[in-house]
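Colleague: Take a look at this one; I'll ask things after.
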Amino acid sequence: PEPPGPQPIRRLHESLINRIAAGEIIHRPASALKELLENCLDAGSTSIQVTVKDGGMKLLQIQDNGCGIRKEDLPLLAERFTTSKLTTFSDLSKLTTYGFRGEALASISHVAHLTVITKTKSSNCAWKAAYVDGGLVPSKAGYTPDPKPCAGNNGTTITIEDMFYNTPTRLSALRSSSEEYVRILDVMTKYAVHNSKVSFSCKKAGSLSPELSTPSCSDASQAIRQLYGHSIAKELLHVTASSAWSADAYFTNANYQGKKIALLLFINHRLVESHRIKRSIESIYSGILPKGSSPFVYLSINLDPRSVDVNVHPTKREVHFLNEEAIIERISDAIQQRLATQSQSRVFEYQT
Ligand code: ADP
Ligand code: MG
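Numbering (the UniProt record's numbering), first residue to last: 10 to 361.
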């Protein structure tokens, strides 16, 4: 058969391009939630309440009591690369807040219905605005789409509805609302451990009692007890290590044998993944746990922001940083030593 001849090259519609790009950043309700939680924390919130319908696909609402957004900033809010957190390229290296590229809300507005209600302390009312495709929802011909005044508390409520209504392939890639809900709870639980002073709650729309609720805890170990339970909390060890960087680790001893590894890894306060760190932890525990059982490990590392490769795509949860190997080795050694002294003292206890 004849090989097919060349086909004409055509430009994709801009809205389609934006939708595809947005889908790379927002994979599922839980990835939207992660971005929004980070925004709440950046805004200095001490209380964050999440409401979910259909695993976040129908509704995902996040209410915080942070600094709010000024009315005059609302028109720009969902435009791509608009941010209050970065103004020059050199800022990239100094950046300590979570978000830095102004892409989260923009992306969400391309794949879902987005509404914002927000009030700053100095404003005497709240403002409500709805977004589509990177901007305010246009109002009737001839009128500029102003945010509308409304009643509301200090802080921001972000409402996302019908996620992926216009991207059926993304929608069909999601398995089930219960699986998405499990992922939502997982992200929230991890942020709640890392931000123990902030109170978090998560509930299904219409339900009276939240599935997840933490009061503001005194420290990480109290938050771990609240969220992961007594069986983990009672076997928890703690070490810190530091140099030009610092690390704080809470991890279970050999008495705890979980089915699946629970690894909460935060680098500069962002929930990330690192295969190197995971492998290193697995190898420590392979020496002390029976085959098939796994530990709980919460590890928070703070590095000079200049040494973390932040200029990667925001969905690249896998991070890399300078002197990675040496730093991981120091942390692993500290964990290993702590586990070793603990098991020695246990042997000692048994002998006496
Ligand atoms: P980024 O976080 O990278 O700046 P986002 O799209 O996540 O980008 O947010 C854009 C801007 O909207 C932020 O820089 C911030 O000024 C504002 N913002 C978003 N969420 C909140 C919130 N919960 N409270 C206060 N301001 C917010
Ligand atoms: Mg952000």
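Ideal placement from N, C-alpha and C gives every residue a C-beta, glycine not left out.
(1) According to the Cβ coordinates, are Y190 and G65 closer than 9 Å?
(2) Within the continuous alpha helix (DSSP H) that includes N204, where are the two ends?
(3) Skipping 5 residues on each side, what residues in its chain have a beta carbon closer than 8 Å to that of Q360?
(4) Out of curiosity, what's the CA-to-CA distance linking I337 and P154?
(5) Heavy atom of the ligand ADP less than 8 Å from the Cβ of N204, yes or no?
(6) Quick check on R192: does DSSP put it in helix, strand or coil?
(7) Evaluate the contact criterion for the region 267-277 versus the region 300-312: three or more CB pairs, one atom per stretch, below 8 Å.
(8) Going straight from the alpha carbon of E112 to that of S24, what length do you get?
(9) Would you say the beta carbon of L221 is closer than 8 Å to some non-hydrogen atom of the ligand ADP?
(10) Do you know how far the Cα of H203 is from the Cα of C211?
(11) Please classify F260 as buried or exposed, where buried requires at least 16 other C-beta atoms within 10 Å of its C-beta.
(12) Classify Y140 as buried or exposed, calling it buried when 16 or more other Cβ atoms lie within 10 Å of its own Cβ.
(13) Would you mind reading off the limits of the beta strand (DSSP E) that contains A256?
(14) Would the beta-carbon of I297 fall within 9 Å of that of L221?
(15) Is it true that the region 282-293 meets the region 231-241, where meeting means three or more beta-carbon pairs spaced less than 8 Å apart?
(16) So, does the region 10-18 touch the region 38-45, judging by three or more C-beta pairs under 8 Å?
(17) Under 7 Å Cβ to Cβ from T105, same chain only, skipping five residues before and after it: list those, please.
(18) Is the beta carbon of G77 closer than 9 Å to that of N175?
(19) Can the beta-carbon of G161 be found closer than 9 Å to that of T124?
(20) Does the ligand SAM have even one heavy atom less than 8 Å from the beta-carbon of N48?
(21) So is I233 in contact with chain C if we call contact Cβ pairs under 9 Å?
(22) Output the residue ranges of the beta strand (DSSP E) runs that lie fully inside the region 141-199 and measure 3 residues or longer, sorted by chain position.
(23) Does the beta-carbon distance from Q346 to V281 come in below 9 Å?
(24) Assuming contact is defined by CB atoms lying nearer than 9 Å, are S283 and V328 in contact in what I supplied?
(25) Between E333, A250, N264, which lies nearest to D342 when the distance is taken from Cα to Cα?
(26) Give every residue of the same chain whose Cβ lies closer than 7 Å to the Cβ of N264, excluding the five residues on either side of it in the sequence, and list them in chain order.
(27) Whole angstroms is fine: what's the gap from M68's alpha carbon to P158's?
(28) Taking Cβ positions, are T60 and A214 nearer each other than 9 Å?
(29) Please list the terminal residues of the continuous beta strand (DSSP E) segment that includes K62.
Modeller: A quick look at the data gives this:
(1) The residue given as residue 190 occupies position 181 in the sequence shown. The residue given as residue 65 occupies position 56 in the sequence shown. Taking 9 Å as the Cβ cut-off, Y190 and G65 qualify as a contacting pair.
(2) What you label residue 204 is simply residue 195 of the sequence shown in a count that begins at 1. Note, N204: premise wrong, no alpha helix (DSSP H); not H, not E.
(3) Working through the sequence shown from its first residue, we reach residue 360 at position 351. Any reading at Q360 is ruled out, since the residue's pLDDT is 48, under 50, leaving its predicted position unreliable.
(4) Within the sequence shown, residue 337 is the residue found at index 328, counting from 1. Within the sequence shown, residue 154 is the residue found at index 145, counting from 1. The alpha-carbon atoms of I337 and P154 are separated by roughly 51 Å.
(5) Along the sequence shown, one-based indexing puts residue 204 at 195. It does not: the Cβ of N204 is nowhere closer than 8 Å to a heavy atom of the ligand ADP.
(6) As a working mapping, residue 192 is identified with position 183 in the sequence shown. If DSSP states are grouped into helix, strand and coil, R192 belongs with the helices.
(7) yes
(8) Position 103 of the sequence shown, counted from the start, is the residue given in the question as residue 112. Position 15 of the sequence shown, counted from the start, is the residue given in the question as residue 24. Cα-Cα distance, rounded: 16 Å.
(9) Residue mapping note: residue 221 aligns to position 212 of the sequence shown, counting from 1. L221 Cβ: outside cutoff for every heavy atom of the ligand ADP.
(10) On the sequence shown, residue 211 is found 202 positions in, with the first residue counted as 1. On the sequence shown, residue 203 is found 194 positions in, with the first residue counted as 1. Each residue's alpha carbon lies about 16 Å from the other.
(11) If you number the sequence shown from 1, residue 260 lands on position 251. With 16 or more other Cβ atoms within 10 Å, it is buried.
(12) Stepping through the sequence shown from its first residue, residue 140 is reached at position 131. By the neighbour-count rule (16 or more Cβ atoms within 10 Å), Y140 is buried.
(13) For the purposes of this step, residue 256 is taken as the residue at position 247 of the sequence shown. Residues 255-261.
(14) Locating residue 297 in the sequence shown gives position 288, counting from the first residue. Locating residue 221 in the sequence shown gives position 212, counting from the first residue. Contact: no.
(15) no
(16) no
(17) In the sequence shown, the residue the question calls residue 105 occupies position 96. The pLDDT assigned to T105 is 47, lower than 50, so where the model puts this residue is not dependable; a value taken from the coordinates is nonetheless given after this. These residues qualify, in order along the chain: N277, P314.
(18) Along the sequence shown, one-based indexing puts residue 175 at 166. Along the sequence shown, one-based indexing puts residue 77 at 68. Not closer than 9 Å, so no.
(19) Your numbering for residue 161 matches position 152 in the sequence shown. Your numbering for residue 124 matches position 115 in the sequence shown. Not in contact: G161 and T124 (Cβ atoms no closer than 9 Å).
(20) No copy of the ligand SAM appears in this structure; the ligands present are the ligand ADP and the ligand MG.
(21) Looking for chain C here will not work: only one protein chain is present.
(22) 157-159, 164-170
(23) Numbered from 1 along the sequence shown, position 337 holds the residue referred to as residue 346. Numbered from 1 along the sequence shown, position 272 holds the residue referred to as residue 281. For Q346 and V281, no; Cβs fall outside 9 Å.
(24) Taking the first residue of the sequence shown as 1, we reach residue 283 at position 274. Taking the first residue of the sequence shown as 1, we reach residue 328 at position 319. Going by C-beta atoms, S283 is nearer than 9 Å to V328.
(25) Start at 1 with the first residue of the sequence shown, and residue 342 comes out as number 333. Comparing Cα positions, the closest option is A250.
(26) Working through the sequence shown from its first residue, we reach residue 264 at position 255. Excluding sequence neighbours, N264 sits near E244.
(27) Looking up residue 68 in the sequence shown gives position 59. Looking up residue 158 in the sequence shown gives position 149. Sequence check: residue 68 is Leu here, not Met. C-alpha separation (whole angstroms): 23 Å.
(28) Mapped onto the sequence shown, residue 60 falls at position 51. Mapped onto the sequence shown, residue 214 falls at position 205. Yes. Within cutoff.
(29) Position 53 of the sequence shown holds residue 62. Note, K62: beta strand (DSSP E), 56-62.
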